[in-house]
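Novice: I'd like to ask you about the structure that follows.
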Amino acid sequence: MEFTERHVEGLKELLYKMADDLLIIGHRNSEWTGLGPMLEEDIAFSSMAQDKIGQSLALFELLHELGESDPDTVAFTRNAPQFHCSQLVELPIGEYDFSMVRHFFFDHAEAIRFEMLSETVFEPLAMVAKKFKGEIKYHTMHADIFMQKLAAGGEESFGRMQQAINDTFGLALGLFEPGDYEAELIEAGIFGGEAELQQRWLDKVVPLLTSYGYMVPSVDAVEPAFGGRRGVHTPHLQPLLDEMTEVFSIDPGADW
Amino acid sequence: MPESIKALLETVMDPEIPTISIVDLGIVTGIESPEPGHAKIELTPTFSGCPALRIMEQMVHDKLAESGYTHIEVKTTFNKQWNTNMISEKGLAALKQHGLAPPPKHDGYIELDVLSDTPCPYCNSRNTEMHTPFGPTLCRSMHYCKNCLNAFEAFKPVS
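Encoded structure:
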């Protein structure tokens, strides 16, 4: 079908927020390298972070084909107000309870987003989404196993994980902040929209967490952490970007 | 001719797992030779985050150049998405030769129990356990053989 300018703007907005989420959470989770509570978990987070950054690259390549700058320029030369990641992904890794709960919430949302986008009328994105679906399977499996294990790990373990769920739920809802082009994306068949994604996510994570023994906050009782999609970020994002771009910034024109 | 290009590409080996060619890995998704001396190759990534993508494009380019091709185009796309079922029988044997348990064929649905009794690439026993579905590279999971007491890695099934 013929895309109007608004359709293309909406598509770019969608790709930017996805790519930024993946780049930033990939960077954050790579911070567990060397610090994981046990070797297998150190490797797990490092490996998943690599997947995430690779996926962000594939999306930045799509944006480049749509007329945006090349991936290195887009990833390494923007400042915080120009990023469209959710506030959820930019927070520091904290303790393992927070990182694990973030991983669980984020990866289930991504898996559903990729599932939805496998049907998009924009073919290049459909093909990429289908590829990502196979890759994220191991991420959601890992998150499910650990959410379950840690619920059954005794009082301290359960208590910390429950607290992390309570503290992170509102941040996770920030993933579904509606964009400026929801109606256009839905009508054109580009994407089913954040509202549908949020509902499908709730339908997935609430029963899972409940089956593990956790309580899940009510959506109505929690303030979603909106702002990230519009460039309104926490104080944590700029220091992350400064560190992430430190080597690149020494000589932005260098040939690597 | 595409057949002779394919034969050349069968000598381009995966830089991480040098027993397996990129053809047997299943990542060569298009070979065209519109005119003599011209080659257009399409590759697909095993994993979006595979760090060897650019290296493999360069290796393909170099192999064709040294074989006399003058107009070479190599690009990586997601037009055909890779999954482990695309590894050839010869490729699966090559993985085992390298000490990696080859992935079982899958039907598109991967669950963890598919990894739980992976045959040991050293002694073939199924008396093994998976320690983690992740490993030193994106394609590997880590296991232990209770029969011959070796730790080993598997090339994990990906849909």
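Taken in sequence, the protein lines are chains U and C. Taken in order, the first sequence gives residues 910 to 1165; the numbers are from the working numbering. Taken in order, the second sequence gives residues 504 to 662; the numbers are from the working numbering. Don't be surprised by glycine CBs; every beta carbon is placed ideally from N, CA and C. Here the structure is a predicted model, which means the values were calculated and not measured.
By alpha-carbon positions, which one of U:I1002, U:N988, U:R987 ends up nearest to U:L944?
Specialist: Of U:I1002, U:N988, U:R987, the residue nearest in Cα terms is U:I1002.
Novice: Would you say U:H993 reaches chain C, if we count a Cβ-Cβ gap shorter than 8 Å as a contact?
Specialist: With 8 Å as the cut-off, U:H993 does not count as an interface residue toward chain C.
Novice: Tell me, please, whether the CB atom of C:S619 is closer than 8 Å to any CB atom in chain U?
Specialist: Output row for C:S619: interface = no.
Novice: What does C:G638 reach in chain U if we use C-beta pairs closer than 9 Å?
Specialist: Near C:G638 (Cβ distances below 9 Å), the residues of chain U are I952, S956.
Novice: So C:F655 contacts chain U; which residues on that side make the cut at Cβ distance below 7 Å?
Specialist: Within chain U, no residue comes near C:F655; the closest Cβ sits about 15 Å away, beyond 7 Å.
Novice: Taking 8 Å as the CB-CB limit, is U:A1052 close to chain C?
Specialist: Judged by the 8 Å Cβ criterion, U:A1052 is not in contact with chain C.
Novice: So which of U:S1066, U:Y1090, U:F1031 has the shortest CA-CA distance to U:R1138?
Specialist: It is U:Y1090 whose Cα lies nearest to the Cα of U:R1138.
Novice: So is C:T635 in contact with chain U if we call contact Cβ pairs under 8 Å?
Specialist: With 8 Å as the cut-off, C:T635 counts as an interface residue toward chain U.
Novice: Using a 10 Å radius around the Cβ and a threshold of 16 neighbouring Cβ atoms, would you call C:S551 buried or exposed?
Specialist: Flag for C:S551 reads buried.
Novice: Let me know the secondary structure DSSP gives C:G533 once reduced to three states.
Specialist: Residue state, collapsed to three classes: strand.
Novice: Given that C:N586 touches chain U, what residues does it touch there, using C-beta distances under 7 Å?
Specialist: Within 7 Å Cβ-Cβ: G1043.
Novice: Going along chain C in order, which residues have a C-beta closer than 9 Å to the C-beta of U:V1037?
Specialist: Within chain C, the residues near U:V1037 are S551, F581, Q584.
Novice: Helix, strand or coil for C:R643? Go by DSSP, reduced to three states.
Specialist: Strand.
Novice: Quick one: which chain U residues come within Cβ less than 9 Å of C:I613?
Specialist: Correct list: G1043, K1046, Y1047, M1050.
Novice: Under 8 Å between C-beta atoms, does U:K1113 make it to chain C?
Specialist: Not closer than 8 Å to any Cβ of chain C, the Cβ of U:K1113 fails to qualify, so no.
Novice: Suppose you measure from the CA of U:M1124 to the CA of U:Q1071; what does that come to, to the nearest Å?
Specialist: Their Cα atoms are separated by approximately 7 Å.
Novice: Is any beta-carbon of chain C found at less than 8 Å from that of U:D1200?
Specialist: Not covered by the structure: residue 1200 of chain U. The range shown for chain U is 910 to 1165.
Novice: State yes or no: is the C-beta of C:L546 within less than 8 Å of the C-beta of C:V531?
Specialist: Cβ atoms of C:L546 and C:V531: closer than 8 Å.
Novice: Go ahead and label U:D1016 buried or exposed: buried means 16 or more other beta carbons lie within 10 angstroms of its beta carbon, across all protein chains shown.
Specialist: U:D1016 should be labelled buried.
Novice: Relative to the C-alpha of U:I934, which residue among U:S955, U:E1093, U:E914 is closest?
Specialist: Ranking the options by Cα distance to U:I934, first place goes to U:S955.
Novice: I'd like to know if C:V531 contacts chain U, where contact means its C-beta is closer than 8 Å to some C-beta of that chain.
Specialist: Cβ-Cβ to chain U under 8 Å: no for C:V531.
Novice: If the cut is a Cβ gap below 7 Å, which residues of chain U does C:L641 touch?
Specialist: Here the neighbours are S956, Q959, D960.
Novice: Show which residues of chain U have a CB atom less than 9 Å away from the CB atom of C:S662.
Specialist: Neighbours of C:S662 on chain U, chain order: K1042, G1043, K1046.
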